[in-house]
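Below: the structure, in structure tokens.
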Amino acid sequence: MSIRRLFVMGLIISMMLTGSVFAMDNVSVSGGTEDQLRELLARVLVGYGSPAQQAEILVAGVPDEAADIAIVPEGAVLLGSVRRTGPDMFGPGMGSGEGSVTEIFINGGDPAANYQTILDELSAMDSMEIIRSELNNPGGFNPSINGYGNLCQESMDRSINFDTSKMPSGETLTTIRVQSPLDAYMCTMDGQVPDVIDPMRDVIPSLTPPAGVSIDEGNSSGASYYGPQMVGISAHLVTDLPVSDVAAGYEAQLEAAGWTQTLSDSSELTSVTHWTTTDEKGDEWLGIFSLMPWPGDASDFMANISVMPAPQG
Numbered sequence: 041m042s043i044r045r046l047f048v049m050g051l052i053i054s055m056m057l058t059g060s061v062f063a064m065d066n067v068s069v070s071g072g073t074e075d076q077l078r079e080l081l082a083r084v085l086v087g088y089g090s091p092a093q094q095a096e097i098l099v100a101g102v103p104d105e106a107a108d109i110a111i112v113p114e115g116a117v118l119l120g121s122v123r124r125t126g127p128d129m130f131g132p133g134m135g136s137g138e139g140s141v142t143e144i145f146i147n148g149g150d151p152a153a154n155y156q157t158i159l160d161e162l163s164a165m166d167s168m169e170i171i172r173s174e175l176n177n178p179g180g181f182n183p184s185i186n187g188y189g190n191l192c193q194e195s196m197d198r199s200i201n202f203d204t205s206k207m208p209s210g211e212t213l214t215t216i217r218v219q220s221p222l223d224a225y226m227c228t229m230d231g232q233v234p235d236v237i238d239p240m241r242d243v244i245p246s247l248t249p250p251a252g253v254s255i256d257e258g259n260s261s262g263a264s265y266y267g268p269q270m271v272g273i274s275a276h277l278v279t280d281l282p283v284s285d286v287a288a289g290y291e292a293q294l295e296a297a298g299w300t301q302t303l304s305d306s307s308e309l310t311s312v313t314h315w316t317t318t319d320e321k322g323d324e325w326l327g328i329f330s331l332m333p334w335p336g337d338a339s340d341f342m343a344n345i346s347v348m349p350a351p352q353g
């Protein structure tokens, strides 16, 4: 492998490990053979997605479907790209089925010029809409100019965002990302997208506290969490009932909503049940409902319900 090729691949590793935040002077790549370097790159990518997803690195290149957005401004150089494909790329309910995300890494140029060049060329494409864009220059003794843009192209069913920043060291780093199918939440000015399945709203049913149970709204108002493969809601339940009675009250509601229990495990203080359910589109989901003592007050319970897409195939 040539020194240049080793350098470029090593630089991509450094950018992934540092999140493209630090300048090249702040990272180093040394030692190893070409095979070891390739193995390290593959290992780094493994941590980005589920085992069902595929990843590839293109050194000094981009996938064919992203070639038109790989805009390299004057004075900059294309380092390469990382492409990830597979099912449920964007979390439950968000473009289920096959999806792809490509990150394009560019170094050099001037951040203000990079910002304007990329924004102008992208916005000139058919059906491309600028959702948000801004160029910032905070000033001060050591200014760090940066710009970003979010755009959507319905005709190609893809959303694009980019950022370009000048580091304190003077190095300019630019990243362009493209996602397909498009991110419907990102592609609206106000973030309200009624046509997109929100698992927290549509897959998880509305649950009413059973008789003898109340929800501590001041301490827990249905806090939600969201991850690449799971979405859920938790609440602080106030009650004098035993865990078995509280669980029975909620489990009856899940069954009435069409959920099917597949596993149950309980003790004197805890209850965990596993479920399956099918949404209006016919997609299958896995659910977990649990009760455990509330931290600091074992007489109350922390209730948690979460859903995730069922494995494909």
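Position in the sequence shown (first residue = 1) + 40 = our numbering. Heads up, the beta-carbon is just placed ideally off N, CA and C, and yes, glycines get one too. Only a predicted model underlies this, so the values are computations on that prediction, with no experimental measurement involved.
Expressed to the nearest angstrom, what Euclidean distance is found between the alpha-carbon atoms of residue i and residue j?
i	j	result
E174	E194	22 Å
P245	G298	10 Å
G272	D108	38 Å
S68	S209	16 Å
G231	R217	Low per-residue confidence applies at G231: pLDDT is 48, beneath 50, and the placement is therefore not dependable, though the value from the model is reported in the following sentence. Roughly 19 Å between the two C-alpha positions.
C192	R83	31 Å
Y155	N147	13 Å
G189	D203	7 Å
A292	D197	41 Å
S306	I328	13 Å
E105	D223	17 Å
L277	G336	13 Å
M157	T212	Sequence inspection shows Thr at residue 157; the Met mentioned does not correspond to that position. About 14 Å.
Once the 5 residues before and after residue i are set aside, which same chain residues still bring their CB inside 8 Å of it?
i	result
T300	W315, T316 and T317
M226	I171, N190, C192, S199 and N201
A338	L309
Return the first residue and the last residue of the beta strand (DSSP E) that residue i is part of.
i	result
A338	D337 to P349
L119	A116 to P127
L331	E324 to W334
A296	Taken as a continuous stretch (DSSP letters only), A296 belongs to no beta strand (DSSP E), being part of the alpha helix (DSSP H) at V283 to A296.
L303	T300 to S306
S200	Note on residue identity: the sequence assigns Ile, not Ser, to residue 200. Looking at the DSSP string, the run of the beta strand (DSSP E) that includes I200 is R198 to K206.
Decide if residue i is buried, meaning its Cβ has at least 16 other Cβ atoms within 10 Å, or exposed.
i	result
A343	buried
P282	exposed
D166	exposed
K206	buried
L303	exposed
V117	exposed
G149	buried
D340	buried
A288	exposed
At which residues does the alpha helix (DSSP H) containing residue i begin and terminate?
i	result
G187	Counting along the chain, G187 falls outside any alpha helix (DSSP H), though it belongs to the beta strand (DSSP E) covering N186 to Q193.
CB-CB under 7 Å to residue i, same chain, minus the five flanking residues each way: which ones, in chain order?
i	result
E324	T316, T318 and A350
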